[in-house]
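*Asks:* Just passing along the structure, written as structure tokens.
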Amino acid sequence: VAIVADETVASLHAARVEAALGGAPLLATVSFPAGEKSKTRATKERIEDELVERGLGRDGVIVALGGGVTTDLAGFVASTYLRGVPWMAVPTSLLAAVDAAIGGKTGVDTPLGKNLIGSFHRPLAVLIDLDLLSTLPREEVDNGLAEMVKHAVIADAAYLEELVQGADGIRALEPEALEAPLRRSVEIKAAVVHRDPEEQDERQVLNCGHTIAHAIEKTSSFRVRHGLAVSSGLSVEAGIACRLGILDSEERDRLRTALTGLGLPVAPPRDLAPSEILAATAVDKKGRKGRPRYALPEALGRMARGPEGYGLEVEDSVVLAALEETLSCFA
Ligand SMILES: NC(=O)c1ccc[n+]([C@@H]2O[C@H](COP(=O)([O-])OP(=O)(O)OC[C@H]3O[C@@H](n4cnc5c(N)ncnc54)[C@H](O)[C@@H]3O)[C@@H](O)[C@H]2O)c1
Ligand SMILES: [Zn+2]
């Protein structure tokens, strides 16, 4: 076994995982500096060289212990190391537990864009130990929480209410409060990726809120954290769905009330111009034929499907109007 973890998570939790290996021989615990800046081809190479040096063979297994940076990076290492070795994910951030570790997408960033180089390589297992999450900094919680709301929007309106009811315990990462919602989110994401592992069709629903979210992150030079961008994105995209006559305004407002109840934003920050956010949607890599696509709800818990699948094309004027509406109403 080789454990891969960032330095922060390694110092907090590697010993506990090492102790849990039982009789399996531990060849190495390889670490790298924490943060997105490490999710690169260069870090992948360093990890690979260390694994070769330590003698990890084809009978080995890589354990990715950490947040989404680690599960993406170590999973990608596993997918090409000796032409592919098995790996396990032990997510330690809420985002990794409900999202990044589920579904087998692995990869690294390049200077020109996030997640541009990677592979599909499903882990043997995803082991979620709620105790490992207890050390997560509070500002990291929003990142996972926004994705949990997204799961509710995609598949389960009742789950949205449960999230709002349990908000305090979830935000405090109390294991008793976290267990049921975390399980529900994993079920929803796992069901989608099981039906469409390589994003030919249904998996696009997981992009809900994200066309606008990526544009907000980009326009803010990544000052706005992913979860807050996703929350605003869900709200703006619900507005787009209303304007297209796909979603009832009552449903949109229910979603916005829920986001607010969870302490999440429903509009982009005021200093980001709607026209700039719109311009930044143009290069979203999930787009086809150069036009961005939107995965939009037709009700809370149900996604709209168009003639070409779940990625819908939307007129710029509609996107702009929805952005302006959230800014004037909520920011
Ligand atoms: N593969 C996928 O399907 C998928 C889906 C969503 C996101 N992602 C990727 O996930 C990444 C973001 O994940 P993330 O937010 O977990 O980032 P991350 O791995 O950088 O973790 C965030 C921070 O929290 C720290 N941390 C993690 N667990 C901790 C713990 N238990 N205690 C203390 N500190 C802890 C980390 O050291 C890091 O500083 C992005 O690169 C994104 O592209 C991938
Ligand atoms: Zn996301």
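Going by the numbering used here, the first residue of the sequence shown is number 3, and it counts up by one from there.
Even for Gly, the Cβ is constructed at its ideal location relative to N, Cα and C.
Treat the numbers as computed from the prediction; the structure is a model and nothing was measured.
1) Within the same chain, show all residues whose beta-carbon is closer than 7 Å to that of E52, passing over the 5 residues directly before and after it, in chain order.
2) Is the closest heavy atom of ligand 1 to the C-beta of K41 under 6 Å?
3) Is D131 near ligand 1, with its Cβ less than 6 Å from a heavy atom?
4) Three Cβ pairs or more, each shorter than 8 Å: is that satisfied between the segment 36-56 and the segment 17-27?
5) Got a sec? Which residues, its chain only, sit under 6 Å from G308 by beta carbon, not counting five neighbours each side?
6) Is any heavy atom of ligand 2 found at a distance shorter than 6 Å from the C-beta of V188?
7) Indicate the three-state DSSP secondary structure (helix, strand or coil) for V316 in the structure shown.
8) Using the DSSP secondary-structure output, state which residues sit across from P270 in a beta bridge.
9) Work out the CA separation of H123 and V201 for me, nearest whole Å.
10) Please list, following the chain, all residues that have a C-beta closer than 7 Å to any non-hydrogen atom of ligand 2.
11) Output the boundary residues of the alpha helix (DSSP H) element that contains P183.
12) Starting from T108, follow the beta strand (DSSP E) in both directions and report where the run begins and ends.
13) Between N209 and ligand 1, is there a pair consisting of the residue's CB and a ligand heavy atom that are separated by less than 6 Å?
14) Please name the residue or residues paired with M7 in a DSSP beta bridge.
*Replies:* Short version:
1) A30 and V32
2) yes
3) no
4) no
5) L314
6) no
7) coil
8) Looking at the DSSP assignment, P270 forms no beta bridge with any residue, so it has no partner.
9) What sits at residue 201 in the sequence shown is Glu, not Val. Cα to Cα, the separation comes out at about 13 Å.
10) D101, E149, H212, A215, H228 and V232
11) P177 to R197
12) K107 to T112
13) no
14) Position check: residue 7 holds Ala in this sequence, whereas Met was assumed. The partner list for A7 (beta bridge, DSSP) reads S33.
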